[in-house]
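The UniProt record's numbering numbers the first residue of the sequence shown as 1 and each following residue consecutively. Cβ coordinates follow ideal geometry from the N, Cα and C atoms, glycine included. What follows is one structure encoded as structure tokens, with my remarks underneath.
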Amino acid sequence: MGIRGATGLFGRRNVLRSVAAVVVTAAALAVGGGVGGAQEPAPASPVAPAAPAPVTGPMLFTLTSIPNGWLIGRTDLRPLLEVQADGRAIRRPDAADPDRSANTPPQEITGTIPQEVVTAAITETRALTTLDMGNAGVSNQSSMILDYTPQQPDQDAHVIVYDPETTDGLTEEQRANRTRFATLSEKLLDAFVADR
């Protein structure tokens, strides 16, 4: 005896309604996971923070220090800081450390420099190229080099300060220019924020 003949206590129509309600409820449970349609969202799974972008591609700034005496016998010179246009950077804190063995590569730390610092450094580097930094006239002394190399090669700017520690024989203007250069170099290095 199927549904047609079932009348029982509730009558034929009530049995059909009950069967329909069971089918609808079963479908709702199978599709939606419950009755009523609204569900609590699943708890978010812990996601590790995205890895920082690698520092690859052309560099916009390169800051290099050549320590006293490194021009003879050392071929392992690396920049202290390299900065891309987007602010991604590599810092090598021991690149110019005379105690680092020539056979040991310098430590590399990746990070970023804020865009406003990069933009200000472009303007200041261009201004520094027009200034007289003076020359101590002593060979094989230390030097600091700041290279600005944008995509357009005709916009390149290079600033070199020979023997930055020396002030003997320099004019007040040359000393002031060297101070500006040192300030810019320090701003770039100090603005560096290492990746975590």
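- For A120, the enclosing alpha helix (DSSP H) begins and ends at Q115 to L128.
- Selection T119, N103 and I113 evaluated against R91 yields I113 as nearest (Cα-Cα).
- Your pair L81 and I66 does not check out as a contact, with CB atoms roughly 14 Å apart and the cut at 8 Å.
- Boundaries of the alpha helix (DSSP H) around E186: E172 to A191.
- The closest CA to that of D86, considering only S101, P105, P106 and V117, is found on V117.
- When rounded, the separation of the alpha-carbon atoms in R196 and R88 is 13 Å.
- One Cα belongs to V193, the other to S185, and the distance between them is close to 15 Å.
- A Cβ-Cβ distance of about 6 Å is found for the pair N177 and D132, placing them in contact under the 8 Å criterion.
- Beta-bridge annotation (DSSP): A157 is paired with Y148.
- When M144, A157 and P93 are compared, the shortest CA-CA separation from T110 is found for P93.
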